[in-house]
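Just so we're aligned: the sequence shown equals residues 1 to 191 in UniProt numbering.
Glycine included, C-beta positions come from ideal geometry on N, C-alpha and C.
These figures come from a predicted structure and were not determined experimentally.
Shown next, in structure tokens, is the structure this report addresses.
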Amino acid sequence: MVLVLAIGDLNVPYGAAALPEKFQRMLVPGKIQYVFVTGNLNTREVEEFFVSLGAEVFITRGDLDVTQEYPDRLVVSIAGVSLGLIHGHQLIPYSDSHAAIALKRDMGVDVLITGFQPECKITQPEDGGLLVCPGSATGTNNTYFPSSGIPSFVLMDLQGSRIVTYTYMLIHDDVKVERIVYDKSVRTIPT
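Next up, the structure:
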């Protein structure tokens, strides 16, 4: 079992004061092996929080990360799964699934993790793999997309060819969890 946290668009302190306390209590050191941050951390303190989890941390530059020197995109292989990471403001048009699928294919990854959209969304393209957008960890808007104000993140459990995703959403002070199982050895055939 390899746990990968996908999280981003915290927009601290401009959009929110901090990561919600319930999320901070859930994200404890020693549980998660890898953290993928889609960007828009905006402060070193937020970066230091993720580093304090004791995991290997990967961060890409968001459109508001002007002082930090993060790369625009990353590709990392973990437990036989290749993961791509970008912020998402680079997709044209914004949030277009076809653009995300093309980028996933171009990067040669099984899973493409993107941010920029405040709403959490996981999709399985017909050509295989996963598109994972963890949404905004603080539930904040950006200038292009309105937000429902629901903070969210995604935890992925890599189990060989299976990837079990857990979406965590903070709704009215309760954490709601949704689970999706993806098996990369089973190909979806378009009809």
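Contact check for residue 3 against residue 157 passes: the beta carbons are separated by less than 8 Å. With 16 or more other Cβ atoms inside 10 Å of its own Cβ, residue 104 counts as buried. Inter-residue distance for residue 12 and residue 30 is about 24 Å (C-alpha atoms, whole angstroms). By the neighbour-count criterion, in which 16 or more other beta carbons inside 10 Å mark a residue as buried, residue 59 falls on the buried side. Around the Cβ of residue 117, a 10 Å sphere holds 16 or more other Cβ atoms; the residue is buried. Exclusion of the five residues before and after residue 50 leaves 35, 37, 57 as the residues of its chain whose Cβ lies within less than 7 Å of its Cβ.
Between the alpha carbons of residue 107 and residue 83 lies a distance of about 9 Å. With distances taken between CA atoms, residue 10 lies nearest to 140 out of 155, 75, 140, 180.
In this structure, residue 93 lies near residue 99, with their beta-carbon atoms less than 8 Å apart. Distance from the Cα of residue 127 is smallest, within the candidate group 111, 135, 121, 176, for 111.
Beta-bridge annotation (DSSP): residue 84 is paired with 75, 112. With 16 or more other Cβ atoms from the protein chains shown falling within 10 Å of its own Cβ, residue 132 counts as buried. DSSP lists 171 as the beta-bridge partner residues of residue 174.
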